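Data first, discussion second: the structure below is written as structure tokens.
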Amino acid sequence: MEPMIELEGVTKLYRTVLGVNDISLQLQSGAFGLLGPNGSGKTTLINLILGQIRPTLGTVRLFGKSPWKNDRLTRRIGLCPTVEIAYPNVSAKEWVTFLVQMHGFALPAAKQAACRALELVKLDHAMDRPIGTYSLGMRQRAKLAQAIAHDPDLLILDEPFNGLDPVGRFEMTEFLRNWVRDGKSLILASHILYEVEAVHPAFLLISGGRLLASGTPQEVRQILADSPSEVVVHCNQASRLASLLCEQNLVQKLNILADQQIRIVTPSAAKLFEQLPGICQQHGIVIDQLTSENESLQSLFATLMRIHRGET
Amino acid sequence: MISIQGVQAMVAFELRRAITLQRLATTVVLILFPPLMLSLMVLGPRAFGEEPPRELFPEFPTVFLLGISCILSLLLWATPNVYSEMESKGWSFIACRPKGRTSLLVGKYIAAVVYSYLVCLLSSSLCTLAAYWLDGYAKSTSFWISLNGIFGLACIVYGAIFSLIGVLFQKRGMVFAAGYALLVELILGFVPAVINRFTMRYHLQYLAVKWFDVLPEEVIQGMELVYGPIRSNAFHISVILGAAMGVLFVANLVIQRREYVTAEDV
Numbered sequence: 001m002e003p004m005i006e007l008e009g010v011t012k013l014y015r016t017v018l019g020v021n022d023i024s025l026q027l028q029s030g031a032f033g034l035l036g037p038n039g040s041g042k043t044t045l046i047n048l049i050l051g052q053i054r055p056t057l058g059t060v061r062l063f064g065k066s067p068w069k070n071d072r073l074t075r076r077i078g079l080c081p082t083v084e085i086a087y088p089n090v091s092a093k094e095w096v097t098f099l100v101q102m103h104g105f106a107l108p109a110a111k112q113a114a115c116r117a118l119e120l121v122k123l124d125h126a127m128d129r130p131i132g133t134y135s136l137g138m139r140q141r142a143k144l145a146q147a148i149a150h151d152p153d154l155l156i157l158d159e160p161f162n163g164l165d166p167v168g169r170f171e172m173t174e175f176l177r178n179w180v181r182d183g184k185s186l187i188l189a190s191h192i193l194y195e196v197e198a199v200h201p202a203f204l205l206i207s208g209g210r211l212l213a214s215g216t217p218q219e220v221r222q223i224l225a226d227s228p229s230e231v232v233v234h235c236n237q238a239s240r241l242a243s244l245l246c247e248q249n250l251v252q253k254l255n256i257l258a259d260q261q262i263r264i265v266t267p268s269a270a271k272l273f274e275q276l277p278g279i280c281q282q283h284g285i286v287i288d289q290l291t292s293e294n295e296s297l298q299s300l301f302a303t304l305m306r307i308h309r310g311e312t
Numbered sequence: 313m314i315s316i317q318g319v320q321a322m323v324a325f326e327l328r329r330a331i332t333l334q335r336l337a338t339t340v341v342l343i344l345f346p347p348l349m350l351s352l353m354v355l356g357p358r359a360f361g362e363e364p365p366r367e368l369f370p371e372f373p374t375v376f377l378l379g380i381s382c383i384l385s386l387l388l389w390a391t392p393n394v395y396s397e398m399e400s401k402g403w404s405f406i407a408c409r410p411k412g413r414t415s416l417l418v419g420k421y422i423a424a425v426v427y428s429y430l431v432c433l434l435s436s437s438l439c440t441l442a443a444y445w446l447d448g449y450a451k452s453t454s455f456w457i458s459l460n461g462i463f464g465l466a467c468i469v470y471g472a473i474f475s476l477i478g479v480l481f482q483k484r485g486m487v488f489a490a491g492y493a494l495l496v497e498l499i500l501g502f503v504p505a506v507i508n509r510f511t512m513r514y515h516l517q518y519l520a521v522k523w524f525d526v527l528p529e530e531v532i533q534g535m536e537l538v539y540g541p542i543r544s545n546a547f548h549i550s551v552i553l554g555a556a557m558g559v560l561f562v563a564n565l566v567i568q569r570r571e572y573v574t575a576e577d578v
């Protein structure tokens, strides 16, 4: 089956600034979370996929064709970029209608599609109001509406959760889940792991312009679990626990912070969490609190970069 | 190829967006500036008991004043075609549509020409009324028709040139366009050499000479000696329209091939 997106040795340089560096990947239709810290190259990668920029090296193919200056492909894509809308005196209905018309729809059909999309993102109650009066969350919904109004096959969202309140985040997540459930493709770029994870996509992890890893959420969690990570344990016998963990070779680095608190850097969090209950039970140690301080995307990327450099 | 729907949508959206207090205020100033200056040229001398100038009046000052309004209007609306969308973040949404870049270029060009021509039309009408009411100008109808013909062509060709400048220079587009208007059209247009024939001013100037028909034959002959020969209306109009089409074609090639990248994209 022809891949939806295919990149072969793609590098993009903005003069002396490296956008993405030697990325090769093949994605079949489906949902993908493009994860990476700010400035990691996510937007560059999206622009390359969209054909808005040309790779300095390598080739990009979207639905089997080069996306550069390929207007037929743009019809199949809906983009919700990270940038803010700045048309304060125009209503969301007018704006979305205009953008749907740009796809070749006649005005009545464009209006109908715009209203339907605004209804889907639950902005129909305010669609005749000027965008300047919208909250950040409402503007995000308007952006989503313009991306889906022409019924694309592939929806690309760049940081779609920015500015959304908890209800908005939940509704956005639900919408994206339904989108994927309907068999449509999705690329969701974000720098926050749990936001993307909630939509259940496969992950593409990008940092420093490089594709560091890809896989399912379970695989990413496994990478996290197998990576050195920092754990802080509050228990009744901190020194005893520290010595037992050292005996079991579960510790890379250890600090006794207080009488009942130790910070452990473990080479494998998964192994530590597997063995810790048994050790505690055997020696009567009671754990009050256990926190994994850096089980975050940042630490994941730090680990992946170390793996990438051959340091781990 | 052009997407007619896309261009239509762009023109309508641009004109809709133009309805802001700031734009309307600027438009009112551009419309009122020529007739007010023209009125002052009539009423000013009279206040001191003198007669207003008769030689080439009101043709010459009206063309000059309307020219300023027309060029300023096109500078404001045609030049920042790419830059305004980059600034308002609309570029990302428009460029990813089929023929989005061409629709943006052509749509914004048409909107700028329509908008600027309306400014010229209203302003020239007020100038004609001012010349008629204040000074009893007799050839009002032919004067008004000639003015609108010349400024219609001026809007078409300068709109295209400024659009190209906007596509080439996103950030300093206005500066380059103003520089072009001053250096090429104003200064180079006055150079008594073949080079002035490459300016649009050369063709518009001769169309004005023919359509206003106020200059004595010997003055026209003198002009021809200095600036080059006067040709048929069809020739001058064809050159102007051909130049506009050619410039727009080049602008389209550039906008299609160029990678417009914002700081957020890197």
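Chains A and B supply the protein sequences, listed in that same order.
Heads up: the first sequence is residues 1 to 312, going by our numbering.
Heads up: the second sequence is residues 313 to 578, going by our numbering.
Glycine is no exception: its CB is placed at the ideal position from the N, C-alpha and C atoms.
What you are looking at is a predicted structure, and each value in this text was computed from that prediction instead of being measured.
Item	Value
Span separating the alpha-carbon of W179/A from that of I343/B	52 Å
Burial state of Y194/A (16 or more Cβ within 10 Å)	exposed
Complete runs of the alpha helix (DSSP H) confined to the region 334-401 of chain B [at least 4 residues]	371-389, 393-399
Best match in A270/A, D182/A, V121/A, P201/A for proximity to V167/A [C-alpha to C-alpha]	V121/A
Counted within 10 angstroms of its Cβ, other Cβ atoms place L205/A as buried (16 or more) or exposed	buried
Beta strand (DSSP E) runs wholly inside the region 240-282 of chain A, at least 3 long, in chain order	253-258, 261-266
Under the three-state DSSP convention, the category V220/A falls into	helix
Secondary structure of E119/A, DSSP reduced to three states	helix
Within chain A, the residues that F325/B reaches when beta carbons sit closer than 7 Å	F98
Cross-chain neighbours of G318/B in chain A, by beta carbon under 9 Å	Q101, M102, H103, G104
Helix, strand or coil at Q26/A according to DSSP, with G and I counted as helix	strand
Identified DSSP bridge partners for E6/A	Q26/A, R61/A
Near-chain A residues of the region 373-407 of chain B (beta-carbon distance less than 8 Å), N- to C-terminal order	E399, S400, K401, G402, S404, F405, I406, A407
Close-in-space but distant-in-sequence residues of the same chain around N70/A (CB under 7 Å, 5 per side omitted)	G51
Check: G64/A C-beta below 7 Å from any heavy atom of the ligand ZN	Judged by which ligands are present, the structure shown has none, so any question about the ligand ZN falls away.
Selected residue, minimal CA-CA separation from V323/B, among G58/A, E84/A, F98/A	F98/A
E530/B - DSSP class collapsed to helix/strand/coil	helix
Chain-ordered neighbours of I53/A on chain B, where CB pairs are closer than 7 Å	E571, V573
C-beta neighbour in chain A for K411/B, strict 8 Å	yes
Beta carbon proximity, S436/B to chain A, threshold 8 Å	no
Rounded separation between I383/B and N564/B - CA only	22 Å
Reference I477/B; option with closest CA among F376/B, F510/B, V566/B, V506/B	V566/B
Cross-chain neighbours of L50/A in chain B, by beta carbon under 8 Å	C408
CA-to-CA distance, S292/A to K271/A, given in whole angstroms	14 Å
Under 9 Å by beta carbon: chain B residues contacting N42/A	Looking at the sequence shown, residue 42/A is not Asn but Lys. Correct list: empty, because the minimum Cβ distance to chain B is about 10 Å.
Beta-carbon gap between A142/A and A92/A smaller than 8 Å	yes
Helix, strand or coil at F175/A according to DSSP, with G and I counted as helix	helix
Proximal chain A residues relative to Q568/B, where beta-carbon distance stays under 9 Å	K69
Own chain partners of G41/A with C-beta closer than 7 Å, once the 5 adjacent residues on each side are dropped	G19, V20, I206, G209
Cβ-based neighbour list, E536/B, same chain, cut-off 8 Å, excluding 5 preceding and 5 following	I542
Sequence-distant residues of its chain with Cβ nearer than 7 Å to D128/A (five each side left out)	S91, K93
Counted within 10 angstroms of its Cβ, other Cβ atoms place V231/A as buried (16 or more) or exposed	buried
T332/B: contacting residues in chain A (beta-carbon distance under 9 Å)	P88, N89
Proximity below 8 Å, CB of R54/A to CB of E399/B	no
N-terminal and C-terminal residue of the alpha helix (DSSP H) that D71/A is part of	71-74
Bounding residues of the beta strand (DSSP E) (the contiguous stretch that carries Q101/A)	Run containing Q101/A: none in the beta strand (DSSP E); it sits in the alpha helix (DSSP H), 92-101.
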